[in-house]
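Novice: Here it is, the structure in full.
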Amino acid sequence: MAALKVCVVVLVVLTGLVAARPETPSYGAPPSKGMPYDFAYAVKDDYSGNDFGHNEQSDGNLVTGEYFVLLPDGRLQTVTYTADHETGFVADVKYEGEAQYPPPAPAGYQ
Numbered sequence: 007m008a009a010l011k012v013c014v015v016v017l018v019v020l021t022g023l024v025a026a027r028p029e030t031p032s033y034g035a036p037p038s039k040g041m042p043y044d045f046a047y048a049v050k051d052d053y054s055g056n057d058f059g060h061n062e063q064s065d066g067n068l069v070t071g072e073y074f075v076l077l078p079d080g081r082l083q084t085v086t087y088t089a090d091h092e093t094g095f096v097a098d099v100k101y102e103g104e105a106q107y108p109p110p111a112p113a114g115y116q
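Numbering (the working numbering), first residue to last: 7 to 116.
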């Protein structure tokens, strides 16, 4: 019976020692700031009717930009946006012009 008491006491002491050990600090690289950049491109091809472009700038924290596309209905869609860690992605979409639709094709069967 005395051996059992000694085992229980040793088990309790070891559990206390393991629980009381200091927590090891976690090391790692600090969060890095984004790199500044800017870019732009545009395509205008009269043969295919493609007309679109995009430009974007960043100071490492705030991203601003704009892109545009000539839609099949003849309107120009322009999206101006900002993005950061506080407000997320915020876009403003605008359309220029009136939508033009082709006349419907005549019915093939009567």
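All residues carry an ideal CB built from backbone N, CA and C; glycine is no exception. Just so we're clear, the structure is a prediction, and the values are computed from it rather than from any experiment.
(1) Between the C-alpha atoms of T86 and D52, what's the straight-line distance to the nearest angstrom?
(2) Less than 8 Å between the CB atoms is what I'm expecting for E62 and L82, so what's the real figure, rounded?
(3) Please check the pair H60 and Y43, which I expect to be a contact at CB under 8 Å, by giving their CB distance rounded to whole angstroms.
(4) Compute the Euclidean distance between the alpha carbons of D90 and K50, then round it to the nearest angstrom.
(5) Kindly indicate the opening and closing residues of the beta strand (DSSP E) around A105.
(6) May I have the straight-line CA-CA distance separating S54 from P78, to the nearest angstrom?
(7) What separation, rounded to the nearest whole angstrom, lies between the Cα atoms of F95 and G71?
(8) Where do the N-terminal and C-terminal ends of the beta strand (DSSP E) with N56 fall, by residue?
(9) In angstroms, rounded to a whole number, what distance separates the CA positions of L10 and L17?
Specialist: According to the structure data:
(1) Within the model, the alpha-carbon separation for T86 versus D52 is close to 25 Å.
(2) About 19 Å separates the Cβ atoms of E62 and L82, ruling out a contact at the 8 Å cut-off.
(3) Going by Cβ atoms, the distance from H60 to Y43 rounds to 13 Å, so no, they are not a contact pair.
(4) 31 Å
(5) No beta strand (DSSP E) holds A105; DSSP gives it neither H nor E.
(6) Our two residues, S54 and P78, have alpha carbons roughly 11 Å apart in a direct line.
(7) If I take the Cα positions, the gap works out to 11 Å.
(8) Where N56 is concerned, the enclosing beta strand (DSSP E) stretches over 56–64.
(9) Roughly 10 Å separates the two Cα atoms.
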